[in-house]
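Here's the structure, in structure tokens; my notes come after.
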Amino acid sequence: MSKQHWQIPATEGLSLQLKKGQVIRVTDVEGEQIADFVAYRADDISERLDPSVTMDALHAMKVKPGDIIYSNKYTPMLTIIRDTVGQHDFINSACRPEMYEVLYNKRDHTSCYTNLNEALAQFQIPAPDQHYPFNLFMNTIIEASGQIRIEKPLSQAGDYIELRAEMDLVVAISACPCEESLCNGYKCTPICVDII
41 MSKQHWQIPA TEGLSLQLKK GQVIRVTDVE GEQIADFVAY RADDISERLD PSVTMDALHA
101 MKVKPGDIIY SNKYTPMLTI IRDTVGQHDF INSACRPEMY EVLYNKRDHT SCYTNLNEAL
161 AQFQIPAPDQ HYPFNLFMNT IIEASGQIRI EKPLSQAGDY IELRAEMDLV VAISACPCEE
221 SLCNGYKCTP ICVDII
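Here it is, written out as structure tokens:
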């Protein structure tokens, strides 16, 4: 039974506090939907989830249950407890309005960067120059040639990942608003969040 439950509407964001030892479950409600996930140390926001440090510490780009997600100061922040998908992304920064202008010729598009900033504002966390999230359910393929392509997420309706907090955290999640590419299967849908 969930202690707390939220549903993030398609294209929107959410922030919440997560105490050390609590487990957060992020669920892809309808399938093929990315959730940009960032986390900050609650008592020192200079420490935050860092995908590149995590890859460095794990010597891997893919994670599995038992793996640790690290902060920019090489401190364990979260541990993966369960994962029904097994395909997520550490290399892509949050989409932002400028990206939609450059790639899709669209102005003032809703973005994960904006969603995360707006969600974190209630905790007085200022907007960074960019967010570098743990992109849950994002299916990034790196070819042997070095080319990168984004395919539809492998997540189906009801798939989820569970992470245990290893310190008190402020977490923000954006239900990615990109419907211009395969990254969300050309359709934006909700994300559910539970503290269990």
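Per the numbering used here, residue 41 is the first one in the sequence shown, and the count goes up by one each step.
Yeah, the Cβ is synthetic: ideal placement off N, Cα and C, and Gly gets one too.
Judged by their CB atoms, V125 and L194 are nearer to each other than the 8 Å cut-off.
In terms of CA proximity to I131, N179 leads the group T119, L56, N179, N224. Per the C-alpha coordinates, the member of R136, Y140, G61 positioned closest to E220 is Y140.
Counting every other CB atom within 10 Å of its CB across the protein chains shown gives Q187 a total below 16, marking it as exposed. Distance from the CA of I182 to the CA of E52, rounded to the nearest whole angstrom, comes to 28 Å. The shortest CA-to-CA distance from P173 to any of I109, T67, L58 is the one to I109. Going by beta carbons, K43 and I236 fall inside the 8 Å limit. In its chain, beyond the 5 residues on either side, Q57, L58, K59, K60, R81, A82, D83 have a beta carbon closer than 8 Å to the beta carbon of D208. Taking the Cα positions, N175 is about 6 Å away from A75. DSSP places A100 outside both helix and strand once states are collapsed to three, so it counts as coil. Nearest C-alpha to P137 among I121, L156, D129, T119: L156.
When only Cα atoms are considered, Q73 and I213 end up about 12 Å apart. In the three-state scheme derived from DSSP, where H, G and I count as helix and E and B as strand, N175 is classed as strand. Taking M117 as reference, the option from V63, N224, N145, D123 with the minimal CA-CA separation is V63. If only complete runs of 3 or more residues are kept, the region 45-132 shows the beta strand (DSSP E) at 53-58, 63-68, 75-81, 84-88, 108-110, 116-123, in order along the chain. The beta carbons of D129 and I120 sit about 14 Å from each other, so the pair does not count as a contact at 8 Å.
DSSP lists S55, V78 as the bridge partner or partners of A212. Straight-line measurement puts the Cα of T94 at about 14 Å from the Cα of F77.
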